[in-house]
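Read through the structure below, which is laid out as structure tokens, and then see the notes.
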Amino acid sequence: MVSESFNQLLNVFWLRPETALWRYLDIAAMRGFRFEGRSLDFGCGDGLFSFIRAGGQFSPSFDAFQKTDKLDQFYAKADVFDAYDSSYSPLVSQAPEYTISVGFDHKANLLSKASALGLYGETVEGDGNSPLPFADEEFQSIFSNIVYWLDEPAAVFAELSRVLKPGGKICLMLPNSTLPEYSFYNSLFGKTGDQQWQWLDLIDRGRLSDNIRQAKTDDQWRALFEAAGLFVAEHKQHLPKPIIQAWDIGFRPMFPALMKMVDAVRPDQRDEVKAEWVKTLKMFAEPLSHVGNADDKANAFHCYVLSK
Ligand SMILES: C[S@@+](CC[C@H](N)C(=O)[O-])C[C@H]1O[C@@H](n2cnc3c(N)ncnc32)[C@H](O)[C@@H]1O
208 MVSESFNQLL NVFWLRPETA LWRYLDIAAM RGFRFEGRSL DFGCGDGLFS FIRAGGQFSP
268 SFDAFQKTDK LDQFYAKADV FDAYDSSYSP LVSQAPEYTI SVGFDHKANL LSKASALGLY
328 GETVEGDGNS PLPFADEEFQ SIFSNIVYWL DEPAAVFAEL SRVLKPGGKI CLMLPNSTLP
388 EYSFYNSLFG KTGDQQWQWL DLIDRGRLSD NIRQAKTDDQ WRALFEAAGL FVAEHKQHLP
448 KPIIQAWDIG FRPMFPALMK MVDAVRPDQR DEVKAEWVKT LKMFAEPLSH VGNADDKANA
508 FHCYVLSK
């Protein structure tokens with residue numbers, strides 16, 4: 208049985224099912240975390256993940272690809288999702304079960320998309336590498352899946368700790384030291400410099416080579432939390448090697464071509480084509496989601512719930 212959140216993720220990310228799988232396992236790993244009191248989604252992006260995690264639902268004809276840009280620059284590493292205009296309409300069929308006080312991100316277009324979901328009380332644009340524009344002890348609960356994209360995790364933890372109320376909770380997704388080993392680009396080209404693998408840069412698109420800069424052991428992350436006055440209330444390790452490797456390539460290489468093909472489908476046939484596609488994906492995505500052990504120390508990500 209595919210859970211409703213997995214259904215929603217497959218429907219929204221149908222052209223990128225590897226993203227749906229990853230995010231479904233994120234939702235499972237963060238099961239123990241609640242948004243309570245004044246809450247912050249630090250690096251909320253377009254808000255789709257947090258919306259689905261909150262039990263929100265979209266009509267089947269909505270997807271994450273409604274507004275994209277620079278598809279012709281996909282292989283020059285453009286962020287094709289960084290696009291918005293006022294016709295963006297997320298087709299919400301069921302409101303989320305809770306709301307989040309603040310969604311924070313550095314991309315205005317993504318925040319405009321997030322604002323349309325009815326999930327965030329307000330959105331705030333800012334740079335997560337700078338001091339945060341929030342008061343001391345402002346938040347009771349914070350979620351973030353972006354600390355590993357930032358320059359200095361220690362400085363970010365100090366800021367998150369500053370804006371957290373005593374007794375409040377922070378849920379963080381952070382890469383384990385094993386993650387770079389599972390990346391095809393990193394293990395075959397990054398580490399060896401062997402030119403025959405240079406083409407993998409087209410698939411990596413700067414993710415593991417540049418963006419996902421921080422990968423650390425549990426002990427290393429804990430030392431950083433302690434220095435920021437945070438302690439670990441819960442810890443899970445998710446995303447096993449086969450899932451990371453499936454995601455590392457996934458449908459990504461064909462994405463611009465798939466988008467063109469979808470645009471060429473007659474509008475009155477689109478829902479039917481998509482429904483068949485999503486039904487087929489489920490046959491593979493569901494069993495794949497059970498691969499590996501939920502708490503294997505070799506899994507690629509940590510999910511922490513921290514307190515102060
Ligand atoms: C992996 S996505 C996570 C989005 C969302 N939280 C989720 O779980 O799907 C990373 C997000 O971090 C944001 N981000 C990256 N660098 C940032 C920075 N320096 N300041 C604020 N946000 C940043 C990106 O715009 C993007 O929305």
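For the record, in the sequence shown the residue sitting at position 47 is 254 according to the working numbering, with numbers rising by one throughout. Backbone N, C-alpha and C fix where the C-beta goes; we use that ideal spot for every residue, glycine too.
Cutoff 7 Å; reference residue i; Cβ partners in own chain excluding five residues on either side
i, result
"A482", "P267"
"V331", "V309, F311, P340"
Beta-carbon proximity check, residue i vs residue j, cutoff 8 Å
i, j, result
"G381", "W454", "According to the sequence provided, residue 381 is Leu. The question's Gly does not apply to it. Cβ distance not < 8 Å, so L381 and W454 don't count as in contact."
"E366", "P338", "yes"
"Y511", "I419", "no"
"F391", "L409", "no"
"T275", "M461", "no"
"K196", "P373", "Only positions 208 to 515 of the chain appear in the structure, and residue 196 is not among them; the question remains open."
"L437", "S348", "no"
"L217", "P224", "yes"
"N316", "A290", "yes"
"N383", "A440", "no"
Limits of the beta strand (DSSP E) - the one that residue i falls within
i, result
"D248", "246–249"
"Q427", "Careful: Q427 lies outside any beta strand (DSSP E), inside the alpha helix (DSSP H) at 425–434."
"V498", "Counting along the chain, V498 falls outside any beta strand (DSSP E), and DSSP gives it neither H nor E."
"K320", "K320 -> not in any beta strand (DSSP E); alpha helix (DSSP H) instead, spanning 315–322."
"Q301", "299–301"
"E332", "327–332"
"Y511", "508–514"
Proximal residues to residue i (C-beta, below 6 Å), its chain only, five neighbours per side dropped
i, result
"A361", "L431"
"A505", "T385"
"D248", "S257, I307, G310, F350"
"F240", "C378, V512"
"K443", "A236, C510"
Proximity test, residue i beta-carbon vs ligand 3 heavy atom, cut-off 7 Å
i, result
"Y511", "What this structure holds is ligand 1, not ligand 3."
Minimum C-alpha distance to residue i - residue among the options
i, options, result
"A464", "V363, F281, L395", "F281"
"S308", "N316, R412, L324", "L324"
"S300", "K448, G457, D248, Q215", "Q215"
"L446", "T226, L217, N218, V219", "T226"
"A492", "I450, D475, I456", "I450"
"A507", "D411, W404, R459, E388", "E388"
Segment limits, alpha helix (DSSP H) that includes residue i
i, result
"E441", "From DSSP, E441 is part of no alpha helix (DSSP H) but of the beta strand (DSSP E) over 438–445."
"M380", "That residue, M380, is in no alpha helix (DSSP H); its beta strand (DSSP E) goes 371–382."
Cβ shell of residue i (< 8 Å), same chain only, five flanking positions each side left out
i, result
"Y295", "Q273, K274, S319, K320, A323"
Near ligand 1, which residues have their beta-carbon closer than 6 Å to a heavy atom? G250, C251, G252, F256, D312, H313, K314, L317, D334, G335, N336, N352, I353, W356, L357
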